[in-house]
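Trainee: Protein chains in written order, with this note's numbering: chain Z, 1 to 124; chain Y, 1 to 120.
Below you can see the structure in the form of structure tokens.
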């Protein structure tokens with residue numbers, strides 16, 4: 001039940017685009033005791049149905065820039081393969097540390113990003 | 001912006017997004033959204049929605065690789081996915097109504113705290 005609840009909150013945050021996974025992964029690691037690799041795989045896989053539902057909602061709002069998608073996916077696929085292969089070959093303790101560094105950077109970004117976006121809107 | 005230059009930029013952004021998302025099993029969106037907003041001049045809400053459509057195929061690919069290396073826990077994933085789909089619906093609908101500024105700050109602090117805890 002706790003797991004479903006964690007998923008629910010991560011889904012809300014993810015659906016708003018403020019990094020559901022960056023909340024989900026540490027929650028699983030600390031509250032459930034999941035291994036880092038497994039927690040990451042949980043986020044990747046549970047994103048699939050979540051994204052499909054979210055895409056259907058966003059398509060109705062006509063918020064998806066279709067012409068950008070193909071170009072971004074092209075090398076995105078290459079990056080996804082490289083990143084995943086590195087991740088699965090890393091030692092879990094090592095991966096946890098690298099992830100912590102990433103999380104720290106992303107945390108700082110979350111705190112300071114809004115200001116940037118506002119400035120951008122004002123400029124227009 | 002020159003067309004050619006723009007195309008090359010999109011390829012690099014895509015590569016970086018896929019790499020981050022695969023390596024950390026998350027965070028593709030956190031990289032992709034600001035890139036779209038600041039480098040490609042995509043409007044904020046559209047950037048979020050577009051990002052989800054791009055990360056979906058990348059996540060499927062990464063999931064397959066993780067699965068082949070036997071780190072997947074299917075029953076745990078199913079429970080999280082159940083909650084996450086419901087949450088995703090709520091979140092997507094809230095996106096067009098809420099200012100996420102305050103939320104970002106709260107979650108930024110939580111993420112930093114989690115990061116510190118992970119290293120210690």
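Even for Gly, the Cβ is constructed at its ideal location relative to N, Cα and C.
Give every residue of the same chain whose Cβ lies closer than 8 Å to the Cβ of residue 74(Y), excluding the five residues on either side of it in the sequence, and list them in chain order.
Mentor: Counted from its first residue, the second chain places residue 74(Y) at position 74. If we look at residue 74(Y) and ignore the five residues flanking it on each side, it has no Cβ neighbours.
Trainee: Need the endpoints of the alpha helix (DSSP H) that residue 8(Z) sits in, please.
Mentor: Residue mapping note: residue 8(Z) aligns to position 8 of the first chain, counting from 1. Here the alpha helix (DSSP H) through residue 8(Z) covers 2-15.
Trainee: Can you pull the chain Y neighbours of residue 33(Z), defined as C-beta to C-beta under 9 Å?
Mentor: For the purposes of this step, residue 33(Z) is taken as the residue at position 33 of the first chain. Simply none; closest approach about 11 Å.
Trainee: In angstroms with no decimal places, state the Cα-to-Cα distance between residue 124(Z) and residue 68(Y).
Mentor: For the purposes of this step, residue 124(Z) is taken as the residue at position 124 of the first chain. For the purposes of this step, residue 68(Y) is taken as the residue at position 68 of the second chain. With a pLDDT of only 38 at residue 124(Z), under the threshold of 50, the placement of this residue in the model should not be trusted, and no figure is reported.
Trainee: Which first and last residues belong to the alpha helix (DSSP H) in which residue 107(Y) is found?
Mentor: Position 107 of the second chain, counted from the start, is the residue given in the question as residue 107(Y). Note, residue 107(Y): alpha helix (DSSP H), 101-119.
Trainee: How about the stretch 96-116 of chain Z and the stretch 22-31 of chain Y: do they share at least three Cβ pairs that are nearer than 8 Å?
Mentor: A contact exists between the stretch 96-116 of chain Z and the stretch 22-31 of chain Y.
Trainee: Starting from residue 85(Y), trace the alpha helix (DSSP H) in both directions and tell me its first and last residue.
Mentor: Residue mapping note: residue 85(Y) aligns to position 85 of the second chain, counting from 1. Per DSSP, residue 85(Y) belongs to the alpha helix (DSSP H) from 74-95.
Trainee: Indicate the three-state DSSP secondary structure (helix, strand or coil) for residue 17(Y) in the structure shown.
Mentor: By one-based count along the second chain, residue 17(Y) stands at place 17. Residue 17(Y) falls in the helix class under three-state DSSP.
Trainee: Please classify residue 56(Z): does DSSP put it in a helix, a strand, or coil?
Mentor: Along the first chain, read from residue 1 onward, the residue named residue 56(Z) stands at position 56. It is helical.
Trainee: My output table needs one value for residue 22(Z): the three-state DSSP class, helix, strand or coil.
Mentor: Taking the first residue of the first chain as 1, we reach residue 22(Z) at position 22. Here residue 22(Z) sits in helix by DSSP.
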